[in-house]
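When we follow this note's numbering, the leftmost residue of the sequence shown carries the number 306, and every step to the right adds one.
C-beta atoms are modelled at their ideal positions from N, C-alpha and C, and glycine is treated no differently.
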Amino acid sequence: MVQTFSHLDKNNNPLMVDVSEKQITQRTATAHSIVVLPDEVLQLLYDGELQSKKGPVFQTAIIAGIMAAKKTGDLIPLCHPLGMDNCKITIELSAGNEVVIECTASISAKTGIEMEALVGASIAALTIYDMCKALSHDIVIKETKLISKTGGKRDFKRA
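Next up, the structure:
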């Protein structure tokens with residue numbers, strides 16, 4: 306079976322996937338981003354939070370990520386606009402001193418919600434960068450990836 310891009314028609318023109326014939330199912334997706342902060346920023350971590358002149362860094366990043374996830378259909382040209390049922394973002398420091406952002410989004414719909422989870426995690430990471438860049442530009446957004454998705458044509462879980 307030859308794989309084809311779902312967002313291209315037979316003439317290779319972009320299109321929004323027609324989901325009108327699909328059944329509504331409960332769908333959930335989890336994505337994460339990892340941010341590596343230099344020591345001069347990490348040493349300001351107190352009680353699980355970084356305080357900046359702009360406010361609490363991680364709390365602000367959570368709000369920004371949720372707001373962005375809700376706007377995914379406006380940001381990604383061929384994404385369906387979705388009214389999410391839920392979006393939760395957590396931010397934790399790993400044993401290796403990396404900031405791990407996890408975004409889980411869910412909806413009952415005809416199409417998946419993985420792009421919303423990916424956008425939420427990405428914008429939370431970018432918000433951390435923005436709020437910490439006054440202290441150092443040696444901040445690395447190391448990765449953003451889908452961890453799992455359920456409820457569509459096929460489920461996915463990263464090993």
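> How should Ala-430 be labelled, buried or exposed, when 16 other C-beta atoms within 10 angstroms of its C-beta is the threshold for buried?
Replying inline: By the beta-carbon neighbour count (other beta carbons within 10 angstroms, threshold 16), Ala-430 is buried.
> Relative to the C-alpha of Thr-395, which residue among Cys-408, His-442, Glu-403 is closest?
Replying inline: Checking every option, the nearest Cα to that of Thr-395 belongs to Cys-408.
> Since Val-341 and Lys-447 are thought to touch, with beta carbons under 8 Å apart, how far apart are those beta carbons, to the nearest angstrom?
Replying inline: Sure, about 5 Å apart at Cβ, within 8 Å.
> How is Lys-450 classed by DSSP in three states: helix, strand or coil?
Replying inline: Reduced to three states, the DSSP call for Lys-450 is strand.
> Any idea which residues DSSP pairs Phe-461 with across the strands?
Replying inline: DSSP, once it has assigned bridges, lists Lys-454 as partnering Phe-461.
> Pick from Asn-391, Glu-354, Cys-384, Val-445: whose alpha carbon is nearest that of Thr-335?
Replying inline: The closest CA to that of Thr-335, considering only Asn-391, Glu-354, Cys-384, Val-445, is found on Asn-391.
> Count the other CB atoms within 10 Å of the CB of Ala-373; is the residue buried (16 or more) or exposed (fewer)?
Replying inline: Classification of Ala-373: buried, given that the 10 Å Cβ count is 16 or more.
> To the nearest whole angstrom, what separates the beta carbons of Gln-331 and Gly-456, a pair I think is in contact under 8 Å?
Replying inline: Contact between Gln-331 and Gly-456 holds, since their C-beta atoms are separated by about 5 Å, short of 8 Å.
>> For the beta strand (DSSP E) containing Val-405, name the first residue and the last one.
In response: Its beta strand (DSSP E) spans residues 403-414.
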